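Participant:
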Ligand SMILES: C[S@@+](CC[C@H](N)C(=O)[O-])C[C@H]1O[C@@H](n2cnc3c(N)ncnc32)[C@H](O)[C@@H]1O
């Protein structure tokens, strides 16, 4: 099975923004989601976007007054973000998100890992390490915002596992999910029309099966206060806030 990086470089990166419904719709959706989570009230400063893709969160965060450090492994998606950055204060870096702490000095006011990036990590141990590192680098009042798909609670069966993601006259994107005890093998199928014929490109990668309760517990174990945790149609959103220890408040 290809690595996550190879999967994005070879298959998903070039069609990612289209697959997500197109740039304008995806940014509008993410801006609204961040607003609903309380963006207007969060302290400003450095925001770290872990697994930024083409920038569906980075752009709204910069527009809202954050200085954004955006990390991703996929160079084509980073190039797309740089093209769309304009004069916004966004530094787009190609690196493993687990190394995020080496790309800014001091503390972050906000760390986001959204759009189902968390499930790309290799193990639950990596998720624990990331959340602990994030909690350690947040300023007091800073937030850790996680958004991912719960692939653990409700397992699709039989033909339900074929998911029509997006289609138009010249391209069809379908996903097939193969459930394993601790992860799901995600098979992406992209049909592209080539004159009278259709070409099929395929690639697969693994996603962790995480629940909202499990990740919420990791947030509180890391010393953050749970501000928000909700699951809507399988989409989990969690916000943890760093408070002063009771002895100092
Ligand atoms: C599902 S996309 C989400 C992108 C963006 N946050 C969004 O909401 O559209 C996951 C992104 O994480 C990146 N990624 C996955 N594992 C990574 C890692 N270990 N380090 C850096 N980026 C990673 C992928 O290249 C991809 O761009």
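In this note's numbering, the protein residues as written are 46 to 294.
Built from N, CA and C at the ideal position, the CB exists for glycine as well.
Quantities reported herein were computed from a predicted structural model and do not represent experimental measurements.
1. Given a threshold of 16 other Cβ atoms within 10 Å of its Cβ, counted over all protein chains shown, does residue 164 qualify as buried or as exposed?
2. Going by Cα to Cα distance, which pick from 286, 136, 152, 229 is closest to residue 168?
3. Among 225, 177, 60, 121, whose alpha-carbon lies nearest the alpha-carbon of residue 199?
4. The beta strand (DSSP E) with residue 261 in it runs from where to where?
5. Find out if the Cβ-Cβ distance for the pair residue 95, residue 135 is shorter than 8 Å.
6. Rounded to whole angstroms, what's the CA-CA distance from residue 275 to residue 82? Just pull it up for me.
7. For residue 293, count the other beta carbons within 10 Å of its own beta carbon; 16 or more makes it buried, fewer makes it exposed. Which is it?
8. Taking the runs of the alpha helix (DSSP H) that are 4 residues or longer, which of them lie wholly in the region 100–128?
9. Assign residue 131 to one of two classes, buried (16 or more other C-beta atoms within 10 Å of its C-beta) or exposed (fewer than that).
10. Is residue 144 buried or exposed, if buried means 16 or more other CB atoms sit within 10 Å of its CB?
11. Looking at residue 234 and residue 245, is the spacing between their C-beta atoms short of 8 Å?
12. I think residue 161 touches residue 139, with their Cβ atoms under 8 Å apart; what is that distance to the nearest whole Å?
13. On a Cα-Cα basis, can you pick out the residue from 252, 110, 219 that is closest to residue 65?
14. Examine ligand 3 and report whether any of its heavy atoms sits within less than 7 Å of the Cβ of residue 65.
15. Roughly how many whole angstroms lie between the Cα atoms of residue 85 and residue 283?
16. What I want to know is whether the C-beta of residue 98 ends up closer than 7 Å to one or more non-hydrogen atoms of ligand 1.
17. Whole angstroms are fine: how far does the CA of residue 191 sit from the CA of residue 255?
18. Check the DSSP bridge columns for residue 156 and list the partner residues they point to.
19. Given the structure, does residue 159 come close to ligand 1, in the sense that its CB is under 7 Å from one of the ligand's heavy atoms?
20. If we call anything under 8 Å between Cβ atoms a contact, is residue 249 one with residue 231?
Facilitator: Based on what the coordinates show:
1. buried
2. 229
3. 225
4. Careful: residue 261 lies outside any beta strand (DSSP E), inside the alpha helix (DSSP H) at 257–266.
5. no
6. 11 Å
7. exposed
8. 103–108
9. exposed
10. exposed
11. yes
12. At roughly 20 Å, the Cβ-Cβ gap does not stay under 8 Å, so residue 161 and residue 139 are not in contact.
13. 219
14. Absence of ligand 3 from the depicted structure is noted, with ligand 1 being the only ligands included.
15. 17 Å
16. yes
17. 12 Å
18. 93, 189
19. yes
20. yes
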